[in-house]
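Below is one structure, written out as structure tokens, with a few remarks after it.
4 protein chains.
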Amino acid sequence: MFEFRFESGSGVPPYLQLVHQVERAVRLGALRAGDRLPTVKEVAERLVINPNTVLKAYRELDHRGLAKGRAGQGTFIVGERRAMTKSDQARRAELRAGLEAWLTEARRAGLDTGEIDAILSTVLHDFREETK
Amino acid sequence: MFEFRFESGSGVPPYLQLVHQVERAVRLGALRAGDRLPTVKEVAERLVINPNTVLKAYRELDHRGLAKGRAGQGTFIVGERRAMTKSDQARRAELRAGLEAWLTEARRAGLDTGEIDAILSTVLHDFREETK
Amino acid sequence: MFEFRFESGSGVPPYLQLVHQVERAVRLGALRAGDRLPTVKEVAERLVINPNTVLKAYRELDHRGLAKGRAGQGTFIVGERRAMTKSDQARRAELRAGLEAWLTEARRAGLDTGEIDAILSTVLHDFREETK
Amino acid sequence: MFEFRFESGSGVPPYLQLVHQVERAVRLGALRAGDRLPTVKEVAERLVINPNTVLKAYRELDHRGLAKGRAGQGTFIVGERRAMTKSDQARRAELRAGLEAWLTEARRAGLDTGEIDAILSTVLHDFREETK
DNA sequence: GTGGTCTAGACCACA
DNA sequence: GTGGTCTAGACCACC
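Chains as they are written, first to last, in our numbering: chain A, 1 to 132; chain B, 1 to 132; chain C, 1 to 132; chain D, 1 to 132.
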């Protein structure tokens with residue numbers, strides 16, 4: 001079952017964090033069409049937030065065409081996302097491993113979380129500017 | 001002079017984005033104690049937002065002990081952040097280059113911005129869980 | 001419920017007066033962790049000021065770690081302030097009574113509010129210099 | 001020569017602090033008609049503030065009829081304040097001593113500056129309400 | 001309904 | 001001109 005989490009202190013509204021997490025999971029293939037999201041009640045209890053906040057996130061997912069609620073059954077991921085080929089999956093795994101290596105390297109160099117974030121967001125921004 | 005920018009669509013309130021950018025710049029050594037931030041008016045005009053929004057960001061920086069406004073003079077970075085040694089700087093540059101290489105690799109593998117973000121935030125999260 | 005008031009004419013910005021009052025109340029034990037402050041709207045209406053001014057005060061209290069706003073619920077005093085012992089409370093009451101006696105004495109000697117203030121601030125200042 | 005000082009952190013605008021100090025000194029008899037205030041330049045240098053701020057305070061004192069600048073000579077306290085009788089002076093000294101005793105008592109009871117302030121302002125406020 | 005962000009514009013304090 | 005306070009009112013996020 002998909003697990004939500006909160007990155008507190010980022011300033012992103014809680015309901016949007018939930019939306020983003022589903023979006024990312026779908027992109028990575030961790031969530032696929034037909035998968036069932038945890039119920040509103042479950043999420044609300046687990047994250048200790050108001051059920052309305054979860055509802056708003058699920059409504060937004062519906063709005064974005066990523067999930068669809070079925071009365072009495074739950075909320076399900078929709079939309080066809082072409083399955084990844086084996087070689088695609090392998091390449092992702094490699095990339096993932098590469099990033100993990102980079103992070104380990106950064107930690108070993110004595111950088112704390114804040115510094116890593118700073119480098120990440122700066123480099124990311126520059127990269128997007130260049131490849132725009 | 002320090003340049004602000006907006007990462008629109010993230011859901012982070014504009015004033016917080018400004019705060020985060022200064023925080024990151026200070027961490028990376030791009031801003032140092034005594035440096036003057038652009039005036040409230042300049043930022044407001046450049047980003048086409050209300051001066052009060054910029055003021056709010058500067059006030060937040062004050063609260064966080066990162067900057068201090070002086071009426072009639074401007075807003076200045078405050079607090080001693082020990083200068084980085086040459087070797088530290090070199091290590092950062094290496095890390096930066098490594099991350100850029102990773103990004104180039106990811107692009108070459110056909111990942112779009114959304115997918116890269118997805119991998120980044122997932123791996124980052126897992127990494128923090130592990131090293132916690 | 002905590003009651004705010006204005007000491008007009010002091011030159012202290014209204015929002016700061018609110019902050020100071022909460023700080024003092026917390027110090028005196030009149031407000032304790034978990035206590036709920038009146039809502040922004042209530043204070044604004046009672047003191048006939050703009051809600052944003054109250055909000056600014058509450059935000060400042062947040063920054064100082066004295067209170068925390070919870071959307072939809074209100075603003076609450078935060079932070080553990082060890083409860084005063086019975087004997088402590090008694091000593092405070094004595095001190096308070098002593099000060100009241102002094103004030104009565106001063107009034108009887110024909111001093112007006114301004115003169116009392118003058119003596120108070122002067123003696124206070126000297127006292128701090130000495131015990132510094 | 002009269003000495004100005006700053007109580008930082010009170011939120012009272014610097015120029016008003018200067019005004020208040022002269023007012024109090026006049027009330028207490030520490031400054032009397034004809035006494036010369038330090039020059040704008042002296043005050044500005046001593047307190048490390050802009051001369052314009054001192055000028056504004058002196059202008060305000062003029063406005064309130066407490067002091068008058070004489071071109072090329074300086075700023076002088078004006079206004080007849082009937083001299084205090086010997087017995088009046090004695091009574092003030094007694095009051096002052098009484099307050100000092102109270103403060104010593106408070107310190108001995110373990111109260112810090114903030115707590116003393118809290119009691120003072122609370123009792124003062126209540127006292128004014130009662131004798132209003 | 002409760003806190004919080006943003007805008008718009010007036011006014012003040014400081015240099 | 002530069003930071004800062006206050007007002008007024010719209011809109012958002014959370015309960």
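For each residue, glycine too, the CB sits at the ideal point set by N, CA and C.
Source: prediction; values computed, not measured.
Collapsed DSSP secondary structure at residue i in the structure displayed
{"i": "Ile116/D", "result": "helix"}
{"i": "Ala93/A", "result": "helix"}
{"i": "Ser10/D", "result": "coil"}
{"i": "Leu31/C", "result": "coil"}
{"i": "Thr131/B", "result": "coil"}
{"i": "Gly98/D", "result": "helix"}
{"i": "Val48/D", "result": "coil"}
{"i": "Ala25/B", "result": "helix"}
{"i": "Glu3/A", "result": "coil"}
{"i": "Ala106/C", "result": "helix"}
{"i": "Leu111/C", "result": "coil"}
{"i": "Ala83/B", "result": "coil"}
Beta-bridge pairing of residue i - partner residues as DSSP gives them
{"i": "Leu37/A", "result": "Thr75/A"}
{"i": "Leu67/C", "result": "Looking at the sequence itself, residue 67/C is Ala, so the reference to Leu does not match. BP columns for Ala67/C point to Ile77/C."}
Cβ-based neighbour list, residue i, same chain, cut-off 8 Å, excluding 5 preceding and 5 following
{"i": "Ala25/A", "result": "Phe2, Leu31"}
{"i": "His20/C", "result": "Val12"}
{"i": "Lys55/B", "result": "Looking at the sequence itself, residue 55/B is Leu, so the reference to Lys does not match. Same-chain partners within the cutoff: Val40."}
{"i": "Glu60/C", "result": "Tyr15, Leu16, Val19"}
{"i": "Arg64/B", "result": "Val19, Glu23"}
{"i": "Ser10/C", "result": "Gln17"}
Chain-order list of residues whose beta-carbon lies under 7 Å from that of residue i (same chain, five-residue window excluded)
{"i": "Gly69/B", "result": "Tyr58, Asp62, Thr75"}
{"i": "Gly34/A", "result": "Phe76, Ile77"}
{"i": "Lys41/B", "result": "Pro51"}
{"i": "Ile134/B", "result": "What is shown of chain B runs 1 to 132, which leaves residue 134/B out entirely."}
{"i": "Thr53/C", "result": "Pro14, Tyr15"}
{"i": "Gly29/A", "result": "Met84"}
{"i": "Pro38/A", "result": "Met1, Phe2"}
{"i": "Ala106/C", "result": "Ile116"}
{"i": "Ala93/D", "result": "none"}
Near the ligand ZN: residue i beta-carbon under 7 Å from a heavy atom
{"i": "Thr85/C", "result": "Only the bare structure without any ligand can be found here, which leaves the ligand ZN out of the picture."}
Sequence-distant residues of its chain with Cβ nearer than 6 Å to residue i (five each side left out)
{"i": "Gln73/B", "result": "none"}
{"i": "Arg36/D", "result": "Gly74, Phe76"}
At least three beta-carbon pairs within less than 8 Å, the stretch 3 to 14 of chain C to the stretch 39 to 47 of chain A: Verdict: no, contact absent.
Cβ pair count under 8 Å reaching 3, the stretch 112 to 125 of chain B against the stretch 103 to 123 of chain C: Result no; under three Cβ-Cβ pairs closer than 8 Å.
Inter-stretch contact at 8 Å, needing at least 3 Cβ pairs: the stretch 103 to 119 of chain C / the stretch 108 to 115 of chain D: They do not touch, by the three-pair rule.
Given 8 Å, three or more beta-carbon pairs between the stretch 99 to 108 of chain A and the stretch 83 to 101 of chain B: By the Cβ test, the stretch 99 to 108 of chain A is in contact with the stretch 83 to 101 of chain B, since at least three Cβ pairs between them sit closer than 8 Å.
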